[in-house]
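*Asks:* Got a structure for you, questions after.
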């Protein structure tokens, strides 16, 4: 357990409405922080302690914005001859003055020796007040870093900010609180350790714990996705046909029920993933044009997601050929590869014939003239890929969704097209075939085979999620594609 | 005695039963639901730190320690609210019921079959060959097949759930558990009932994948039925021999089969026990075999009584050795398997491994509180927001019409602004502003710069709307508003974010709203706030 003084403490300071609370929310993954585009909403200094069990790892202090930067600087310059910490002296002098409440609140943690994270909006020009603020912070002598948070994506002022920040701060980083991926957050934490040598071991430990926690979340998500797929693939609904009931009406009722149940399975998976990524307070809203906002069974979902017909056929042929190859080996290849060829051809033909068919409604005759309608399990080769694509898109949405702000969609450009835009269509052939093989195993009655396939599927999904979580650019680009 | 008992209790405390595993699965399923995930992770970690890590350290073993898991389960059971029955109890009840059901079924079947085979009315002796075929031969084959099936299941050559009897029993248990659920949970609250139902569904649908712990108890109980069948056979044979007049004989139509052949077969079959009880005792002698041959045309009168009763020890031993003992061995083997599987479950199951890793992973969370270094601050009461009420457009503030009287231009932020009078005029005139003059420097605190102003003039104070209206700025505006000569009014003209060299850009409506609200609430409603360029 660390002493209080050894706990790295960072005061997030800056001009009002620069995104200080957003930075704290993103770094702590706490969506309960009050974030508003209205300036001056933060009125007191709040302590957001990141804890592992009961131990505090890092403290982030969200502070109100500077309200009197010019006056504060003037006062500090006039009293610079004093030996006391300038922030401490200012707090002492103005703590009774309600007019300076915000500035006092802001400077209290600096007077206590907290490291400074100065947040500026890099998408706006630099002004007099900014120069004053930087000078105030420089005068405190605390370890400090400038965090350029380009709120609106305009980078024409970035260079000026970088140059000016370099004069007053030990470190300067560009960090978009609204789009920061896990990797970017870790990189920021890594750089925080360079602010103060004494904090280095604690920061290293914190980064390790964050990484471990992230891996656990990825693994949990892989389990959720894999469970959802397995359940959806094995799902079936039944309906009794009573005497005198119209079979065709019942058929359409059954199909509607089946589709609804699968959709609720998908929604349950969404809710679990959202919980894993700690989006508790805000329900991330999907962009209007997102494919996820559309029905799983909609024509557009099936057109844009899943594998292309060629990819499905190739995967089927590979699997069939593989089974035939084992027979060829058994016959010491005296069959001259006939089994391999036949297996591939049969699988190809089977998949071709099944084509785009959904699960079929079957009628089972029972005794006493009764019958039962059954629908499922769905054997359409595209179905699991469409579902997996939707779940992966949702995962991407979750990891790109900042805890700081509930409206990321404005950053995503719409790309319309006829091509497949899901992730599965861009997988390598090896990955496609592996997943296809795992999904095929769920047809078997052998429970052990299913369990083994489920484990394999989970492991592969975990590796896909790992790749996605380390590459936000790809995540954002596929999110734009899906629109 | 008490000490021995205590030791026994201590020893069994660490052992797992299938009911424990069912309860563990229940708690783990409950913990992994999205609603409880966070809370459960925190509780598990907290418990581990308090009860295990504090004493034994945090060293991370690769495999879960079943003793630790058992202790956690015990703790969970203690914490469990009393109104919901634990599924382990129901499972125990079901398995208990199955045990007694199969035990009596086996016993009755064995006794019934034997009683019907031993039906002797003095006319015709009991056919030894038939007795042996049905009660020893069939059983021997059955035991052998059972052995192959169980070994196949154990080695995973045969699917775990294959087998007619197993499927039938599973269906029976399914039915019983549904009835039991219905009986037990009908009084529960809907939410708890749903948890309970989903758990049973999870076990029924997924138990083979999550562990074999539910299968082996069923297989063990099936073998118990086999054992009890043999007990029924032996008991009925013994009681019939003791309390009834029985006669045993053999018959054949084949010329090739004679007394000697039968004697050889009998001697061979009695090999396991003939070294204890020899000829005439453990198995019939050649003379006894010859004397007990049934020739229907001669009738029973031609046969001698001692020969007719000489077969029963052989039959009893045959049933014991080829029926009872193999079944007993199979039962023992399955008991060992059951215990092994149950003991392995906490180590091998994916959900236990997840719990184990939860024990060893620090629970990462964020706590919020006001910064506690407030000893220097006057009080801890939060300061009011700069604006108390919600932001709503101020009445009459959204004027987009341009002022139709002359204004004096002043731009507070230097911006390297174009300060030539003509340039300002030409820049603003396309937007309808009549610029009378430009104040080059900041208005002085004594208001001397306003001498040139006439009544009806306006001071157009230009601000960048995207900059938040901080208190320092508001204070300045307030000062100069107070210094303005009578009849001159103040207008805050807003510009947007500079684009390239142009500073005269449209203002976002949200920024305009913010400025209007701030100025009207903190300063005066007389000060107009407008966008220089309409958006």
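Chains as they are written, first to last, in the numbering used here: chain C, 1 to 483; chain Y, 1001 to 1535. Where is the CB? At the ideal position from N, CA and C, for every residue including glycine.
#1: Relative to chain C, which residues along the segment 1340 to 1371 of chain Y have a C-beta separation below 9 Å, given in chain order?
#2: Taking the beta carbon of residue 1264/Y as the centre, do at least 16 other beta carbons fall within 10 Å, making it buried, or is it exposed?
#3: Using only alpha-carbon positions, find the residue among 1018/Y, 1022/Y, 1029/Y, 1063/Y that is nearest to residue 1359/Y.
#4: For residue 146/C versus residue 61/C, is the C-beta distance shorter than 8 Å?
#5: Does the pairing of the segment 451 to 464 of chain C with the segment 216 to 227 of chain C give three or more beta-carbon distances under 8 Å?
#6: Using a C-beta cutoff of 8 Å, does residue 172/C count as contacting chain Y?
#7: From 218/C, 257/C, 308/C, 251/C, pick the residue whose C-alpha is nearest to that of residue 235/C; which is it?
#8: If you compare alpha carbons, which of 1070/Y, 1438/Y, 1427/Y is closest to residue 1409/Y?
#9: First and last residue of the beta strand (DSSP E) that includes residue 1436/Y?
#10: If we define contact as Cβ-Cβ less than 8 Å, is residue 20/C a contact residue for chain Y?
#11: In chain Y, which residues lie with their C-beta within 8 Å of the C-beta of residue 216/C?
#12: Who are the neighbours of residue 1037/Y on chain C, taking C-beta pairs under 9 Å?
#13: Can you find a C-beta in chain C that's less than 8 Å from the C-beta of residue 1025/Y?
#14: For residue 1260/Y, which residues in the same chain have their Cβ closer than 8 Å to its Cβ, ignoring the five residues on either side in sequence?
#15: For residue 1473/Y, does the count of other Cβ atoms within 10 angstroms reach 16, so buried, or fall short, so exposed?
#16: Can you tell me whether residue 1133/Y is buried or exposed? The criterion is at least 16 other CB atoms within 10 Å of its CB, across all chains shown.
#17: Where does residue 1510/Y land, buried or exposed, given buried means 16+ other C-beta within 10 angstroms?
#18: Beta-carbon of residue 1515/Y versus every beta-carbon of chain C: anything under 8 Å?
#19: When DSSP labels each residue in this structure, what does residue 146/C get in the three-state scheme?
#20: Taking 8 Å as the CB-CB limit, is residue 61/C close to chain Y?
#21: For the segment 422 to 463 of chain C, which segments carrying the alpha helix (DSSP H) assignment without a break, of at least 4 residues, lie completely within its bounds, in sequence order?
#22: Any beta carbon from chain Y within less than 8 Å of residue 413/C's own beta carbon?
#23: Counting only runs of 4+ residues fully inside the segment 1038 to 1116 of chain Y, write out the alpha helix (DSSP H) ranges in chain order.
#24: Taking the beta carbon of residue 97/C as the centre, do at least 16 other beta carbons fall within 10 Å, making it buried, or is it exposed?
#25: Going by DSSP, which residues form a beta bridge with residue 1408/Y?
#26: I want to see whether chain Y comes within less than 8 Å of residue 46/C, judged by CB atoms only; does it?
#27: Report buried or exposed for residue 242/C, applying the criterion of at least 16 other Cβ atoms within 10 angstroms of its Cβ.
#28: If you follow the alpha helix (DSSP H) that residue 1236/Y is part of, which residue opens it and which one closes it?
#29: Under the rule that 16 or more other beta-carbon atoms within 10 Å means buried, what is residue 424/C, buried or exposed?
#30: From the DSSP output, read off the bridge partner residues of residue 1370/Y.
#31: Can you check which of these residues, 117/C, 119/C, 88/C, is closest to residue 105/C by C-alpha distance?
#32: Tell me whether residue 239/C sits in a helix, a strand or coil according to DSSP, three-state version.
#33: Grouping DSSP H, G and I as helix and E and B as strand, with all else coil, what is residue 410/C?
#34: With 7 Å as the limit, tell me which residues of the segment 1275 to 1299 of chain Y have their beta carbon closer than that to any beta carbon of chain C; keep them in chain order.
#35: Can you give the Cα-Cα distance for residue 1130/Y and residue 1150/Y, rounded to whole angstroms?
#36: Under 6 Å Cβ to Cβ from residue 1291/Y, same chain only, skipping five residues before and after it: list those, please.
*Replies:* Short version:
#1: 1350, 1354, 1357, 1358, 1361, 1362, 1363, 1364, 1365, 1366, 1367, 1368, 1369, 1370, 1371
#2: The sequence position of residue 1264/Y within the second chain is 264, counting from 1. Exposed, by the Cβ-count rule.
#3: Translated into the one-based positions of the second chain, residue 1359/Y becomes position 359. Nearest of 1018/Y, 1022/Y, 1029/Y, 1063/Y to residue 1359/Y, Cα basis: 1063/Y.
#4: Looking up residue 146/C in the first chain gives position 146. Looking up residue 61/C in the first chain gives position 61. Their beta carbons are not under 8 Å apart, which means residue 146/C does not touch residue 61/C by this criterion.
#5: yes
#6: Counting from one through the first chain, the residue named residue 172/C turns up at place 172. No, residue 172/C lies away from the interface with chain Y (no Cβ there is under 8 Å from its Cβ).
#7: As a first step, residue 235/C must be located in the first chain, where it is residue number 235. Among 218/C, 257/C, 308/C, 251/C, the Cα nearest to that of residue 235/C belongs to 257/C.
#8: Here residue 1409/Y is taken as the residue at index 409 of the second chain, counted from 1. Closest by alpha carbon: 1438/Y.
#9: Here residue 1436/Y corresponds to residue number 436 of the second chain, with the count starting at 1. First-last of the beta strand (DSSP E) with residue 1436/Y: 1435 to 1438.
#10: Numbered from 1 along the first chain, position 20 holds the residue referred to as residue 20/C. For residue 20/C, the answer is no, since every Cβ of chain Y falls outside 8 Å of its Cβ.
#11: By 1-based counting over the first chain, the position of residue 216/C is 216. 1357, 1361, listed in chain order.
#12: Against the second chain, residue 1037/Y aligns to sequence position 37. Within 9 Å Cβ-Cβ: 220, 272, 275, 276.
#13: Taking the second chain and counting its residues from 1, one reaches residue 1025/Y at position 25. Taking Cβ atoms only, chain C never reaches closer than 8 Å to residue 1025/Y, which makes this a no.
#14: Here residue 1260/Y corresponds to residue number 260 of the second chain, with the count starting at 1. Only 1286 meet the Cβ criterion.
#15: As a working mapping, residue 1473/Y is identified with position 473 in the second chain. With 16 or more other Cβ atoms within 10 Å, it is buried.
#16: Along the second chain, one-based indexing puts residue 1133/Y at 133. Under this definition residue 1133/Y is an exposed residue.
#17: Within the second chain, residue 1510/Y is the residue found at index 510, counting from 1. So residue 1510/Y counts as exposed.
#18: Within the second chain, residue 1515/Y is the residue found at index 515, counting from 1. Closer than 8 Å: no.
#19: Along the first chain, one-based indexing puts residue 146/C at 146. Strand.
#20: Within the first chain, numbered from 1, the residue matching residue 61/C stands at position 61. Closer than 8 Å to some Cβ of chain Y, the Cβ of residue 61/C qualifies, so yes.
#21: 429 to 441
#22: Within the first chain, the letter at position 413 stands for residue 413/C. Any reading at residue 413/C needs caution, since the residue's pLDDT is 41, under 50, leaving its predicted position unreliable; the model's value is listed next. False, the Cβ-Cβ gap to chain Y never drops below 8 Å.
#23: 1066 to 1079
#24: What you label residue 97/C is simply residue 97 of the first chain in a count that begins at 1. The residue in question, residue 97/C, is exposed, as its Cβ has fewer than 16 Cβ neighbours within 10 Å.
#25: The count along the second chain starts at 1 and reaches residue 1408/Y at position 408. Paired residues: 1437/Y, 1459/Y.
#26: Working through the first chain from its first residue, we reach residue 46/C at position 46. Chain Y contact via Cβ: present.
#27: Counted from its first residue, the first chain places residue 242/C at position 242. Exposed, since its Cβ has fewer than 16 Cβ neighbours within 10 Å.
#28: The residue labelled residue 1236/Y in the question sits at position 236 within the second chain. Note, residue 1236/Y: alpha helix (DSSP H), 1215 to 1243.
#29: For the purposes of this step, residue 424/C is taken as the residue at position 424 of the first chain. Buried is the call here.
#30: Numbered from 1 along the second chain, position 370 holds the residue referred to as residue 1370/Y. Residue 1370/Y is bridged to 46/C.
#31: Your numbering for residue 105/C matches position 105 in the first chain. Selected option, being the one with the closest Cα: 88/C.
#32: Taking the first chain and counting its residues from 1, one reaches residue 239/C at position 239. Three-state DSSP puts residue 239/C in a strand.
#33: Here residue 410/C refers to the residue found at position 410 of the first chain. A caution first: residue 410/C carries a pLDDT of 46, below 50, which makes its placement in the model unreliable, though a value can still be read off. Residue 410/C: helix per DSSP, three-state reduction.
#34: none
#35: Start at 1 with the first residue of the second chain, and residue 1130/Y comes out as number 130. Start at 1 with the first residue of the second chain, and residue 1150/Y comes out as number 150. So the alpha carbons of these two residues sit roughly 28 Å apart.
#36: Taking the second chain and counting its residues from 1, the one referred to as residue 1291/Y is at position 291. Within the same chain, residue 1291/Y has close Cβ partners 1304, 1307.
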